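**Q**
Residue numbers (this note's numbering): 626 to 913.
Below, the structure is given as structure tokens:
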């Protein structure tokens, strides 16, 4: 029978590409780890590695074994994540990761079907995209909400769902801007608060003003939508942001939409990984 301890040691060594690093990660002696790999090669009847200096290179059989090992241990992590969720009291919790800079208003709008009922529980964690994707890929999260397309190296495992698009507008105070105004003139003459780089909104905004030959007068750059909302309220100039960020302020008249930026949109994504037992509310949210 296949020894899964040996297989896991092989899996770790294959991903590290080096016995010394893998041994440190496993907290065992390098010689003991080498013996585990040798035992697995004897069991399979063929070598899994070729040694090139200090580097271990997978043989053809090694690549086949690694493909299976990846699937086996990913399934194990998925099982653990699913069981952890099932062990939560009362209901199965939907574990949501949200990019730390993502609009809170958008998050609330997306999760409204869950928040408007007592039948479901939701756990929301904020963080950087790399950390959230790592947690998603290791089944510690069910879905990640972001307005940033994930790096290419993650695309093979992730499913990227486009869930909403929001126009980007010029927002100001009603006493100064009682009526809509020409957007190009505003960008040439008024002081602006804008999202900080490397947000997609900022990249599109920079490209837009460059095409028009405009050098905007930027007085503040903010990398967090919650803070951008507060700065927009406090600043007497204009702010560049999606209206959903200041939804409440627009509805109660504290702020007004002075103009829309043609062709500029913020796109929101939900990231998932394929699972045998996906949380049933994910489909409801994505279809909503």
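Glycine included, every Cβ here is placed at the ideal spot set by N, Cα and C.
No experiment lies behind these values; they were computed from the predicted model shown.
#1: Taking residue 730 as the reference, which of 876, 911, 909 and 905 has the closest Cα?
#2: Whose CA, out of 846, 832, 799 and 842, lies closest to the CA of residue 822?
#3: Taking the straight line between their C-alpha atoms, what separation do you get for residue 671 and residue 701?
#4: Consult DSSP for residue 796 and reduce its assignment to one of helix, strand or coil.
#5: What do you reckon, are the CB atoms on residue 871 and residue 798 nearer than 9 Å?
#6: Given a cut-off of 9 Å on the beta-carbon distance, is the pair residue 761 and residue 783 in contact?
#7: Let me know the secondary structure DSSP gives residue 677 once reduced to three states.
#8: Would you list the residues sitting across from residue 790 in a DSSP beta bridge?
#9: Can you find the residues in the same chain that come closer than 7 Å, C-beta to C-beta, to residue 637, ignoring five residues on each side of it along the sequence?
#10: Name the DSSP beta bridge partners of residue 722, please?
#11: Rounded to the nearest angstrom, what separates residue 703 and residue 825 at their Cα positions?
#12: Pick from 864, 899 and 736: whose alpha carbon is nearest that of residue 788?
#13: With 16 as the cutoff for other CB atoms within 10 Å, does residue 630 come out buried or exposed?
#14: To the nearest angstrom, report how far apart residue 882 and residue 796 are at their CA atoms.
#15: Answer yes or no: do residue 867 and residue 794 have a C-beta to C-beta separation smaller than 9 Å?
#16: Give the DSSP-derived three-state secondary structure of residue 905 in the structure shown.
#17: Do residue 632 and residue 694 have their C-beta atoms closer together than 9 Å?
#18: Who are residue 885's beta bridge partners in DSSP?
#19: Do you know how far the Cα of residue 747 is from the Cα of residue 740?
#20: At the level of alpha carbons, what is the spacing between residue 681 and residue 643?
**A** A quick look at the data gives this:
#1: 876
#2: 846
#3: Between the alpha carbons of residue 671 and residue 701 lies a gap of roughly 26 Å.
#4: DSSP places residue 796 in strand when its eight states are reduced to three.
#5: no
#6: The answer is yes: Cβ separation under 9 Å.
#7: strand
#8: DSSP, once it has assigned bridges, lists 892 as partnering residue 790.
#9: 647, 650 and 651
#10: 750 and 769
#11: 32 Å
#12: 736
#13: exposed
#14: 5 Å
#15: yes
#16: helix
#17: yes
#18: Looking at the DSSP output, residue 885 shares a beta bridge with 794.
#19: 8 Å
#20: Each residue's CA atom was taken as its position, placing residue 681 and residue 643 some 6 Å apart.
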